[in-house]
Structure formats: C-alpha cells, structure tokens
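Notes follow the structure.
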Amino acid sequence: MEFLNKIRQDTETPNPFVPVIVVTAHTELRHVCVARDNGMTEFLAKPVSARTVYQRICNVIEGGRPFIRASTFFGPDRRRRSKGAHEGPERRLTGT
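Here the sequence shown is numbered in numbering that gives the first Met the number 0, starting from 0 and rising by one per residue.
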C-alpha cells in the first residue's frame, strides 16, 4: 500500500492518474478497504486466472471512473453503483 500511496500522493509522481490493479491473497475486508482508501483502481484476489485478469483490465479501460481529490483522498471515485440523480440537500432525509 505504501507504493500505491506514493503513486497517488507524491508530488514527484509523473502520473498520479495511472490505473492500479491490486493483486493480493489478503482478501479480508480490512485489506480491501485499505487498498480502496489508498486509491486502487481495481482489486484482484489470488489465485488469479487469465479470465479475471482480463476482466479487471477491461474494467479499467472501459469503465474508467472519475478521479476525486479531497483533503484525505486522491484516486478513482470509490462509488461503484449509481444511486440516481442527486436531488438537493434534503435527498438523504427522504430515504431515496
């Protein structure tokens, strides 16, 4: 995760927008969350197959998510599913 953090946060990084697919055997939720919060693009659990590698690469190429820059995060938008159009500041109070 240190390498991923360096890619996303270091001002010397030539391209902080480069897609990063994390490949690991550590699939516990806490590890996935750390990778997500450090700005991974995709996550791939070992053991891998050619099909899953291909699918993740296609996700990166075809489904590029916008990058978000905030005070505590820089990386691809962490939201995976569209929740519909935002309807103003009271949207969460209506349960939609």
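Ideal Cβ placement from N, Cα and C applies to all residues, glycine included. Computed from a prediction, not measured in an experiment: that's the story for all the values here.
Range covered by the alpha helix (DSSP H) that runs through Arg1: The amino acid occupying residue 1 in the given sequence is Glu; Arg does not appear at that position. First-last of the alpha helix (DSSP H) with Glu1: 1-8.
Given 8 Å, three or more beta-carbon pairs between the segment 21-34 and the segment 68-77: no
Contact the segment 1-12 vs the segment 40-48: 3+ CB pairs below 8 Å: Short answer: they don't touch.
Residue environment, Gly74, which counts as buried when at least 16 other CB atoms sit within 10 Å: buried
Outcome for Val17 when other beta-carbon atoms lying within 10 angstroms are tallied against a minimum of 16: The residue in question, Val17, is exposed, as its Cβ has fewer than 16 Cβ neighbours within 10 Å.
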